[in-house]
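Step one of this worksheet: look at the structure below.
Residue numbers (this note's numbering): 1 to 152.
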């Protein structure tokens, strides 16, 4: 597993946590770790296998908890916290971010208030006129979302 793949997993974890409305400081710590991991010159898989948790903690922004998750990710291809989170909040929620006009805040609103967790859910919601119910989505944003969905 490459450093970029590991960083991507932590970034996705942070986005899911943000959509769920979890602690912003924990979210920031995962994002900071992802940024450092992505540019770290030595493959983390190599560090994890040779030095374990202690070796990974040499990376700025990677503490005991995150280094443990990296070791688990290298060994199993996933880690328990990510699996637990994606069981509670489908990873497909992140697909909403591919739609023009939807950012993290709007995706969070759509998921938390309307239980929209996939592109198909969004299409049905939009088709039923649901965008008018969403605070923060104006006429222009609604049009961008509709156009983006039509292109899919």
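Note that the Cβ used here is the ideal one computed from N, Cα and C, for glycine as well.
Using 8 Å for Cβ pairs, my map puts residue i next to residue j. What's the rounded Cβ distance?
| i | j | result |
| --- | --- | --- |
| residue 99 | residue 141 | That pair is no contact at about 11 Å. |
| residue 107 | residue 93 | 6 Å |
| residue 101 | residue 144 | 4 Å |
| residue 112 | residue 21 | 6 Å |
Can you give the Cα-Cα distance for residue i and residue j, rounded to whole angstroms?
| i | j | result |
| --- | --- | --- |
| residue 87 | residue 81 | 10 Å |
| residue 89 | residue 67 | 23 Å |
| residue 8 | residue 76 | 16 Å |
| residue 44 | residue 33 | 12 Å |
| residue 109 | residue 139 | 17 Å |
| residue 46 | residue 79 | 18 Å |
| residue 70 | residue 30 | 12 Å |
| residue 39 | residue 105 | 27 Å |
| residue 53 | residue 36 | 16 Å |
| residue 63 | residue 128 | 46 Å |
| residue 19 | residue 42 | 32 Å |
| residue 57 | residue 83 | 23 Å |
| residue 207 | residue 91 | Look at the range of the chain in this structure, 1 to 152, and you will see that residue 207 is not part of it. |
| residue 11 | residue 60 | 16 Å |
| residue 151 | residue 51 | 48 Å |
May I ask which residues mark the beginning and end of the alpha helix (DSSP H) holding residue i?
| i | result |
| --- | --- |
| residue 17 | 3–20 |
| residue 112 | 104–114 |
| residue 25 | 24–39 |
| residue 52 | 44–56 |
| residue 126 | 119–127 |
| residue 144 | 139–151 |
Which same chain residues end up closer than 6 Å to residue i when comparing Cβ atoms and leaving out the 5 residues on each side of it in sequence?
| i | result |
| --- | --- |
| residue 2 | none |
| residue 135 | none |
| residue 14 | 27, 30 and 31 |
Tell me which same chain residues have a C-beta within less than 7 Å of the C-beta of residue i, skipping the five on either side of it?
| i | result |
| --- | --- |
| residue 73 | 1, 6, 9 and 79 |
| residue 95 | 118 and 119 |
| residue 137 | 106 and 131 |
| residue 115 | none |
| residue 123 | 149 |
For residue i, I'd like the list of residues in its chain whose CB is within less than 8 Å of its CB, leaving aside the five on either flank, ordered along the chain.
| i | result |
| --- | --- |
| residue 17 | 23, 26, 27, 30 and 85 |
| residue 4 | 38 |
Item to check | Ordered list of alpha helix (DSSP H) runs contained in the region 63–95, each at least 4 residues | outcome: 64–76 and 80–88
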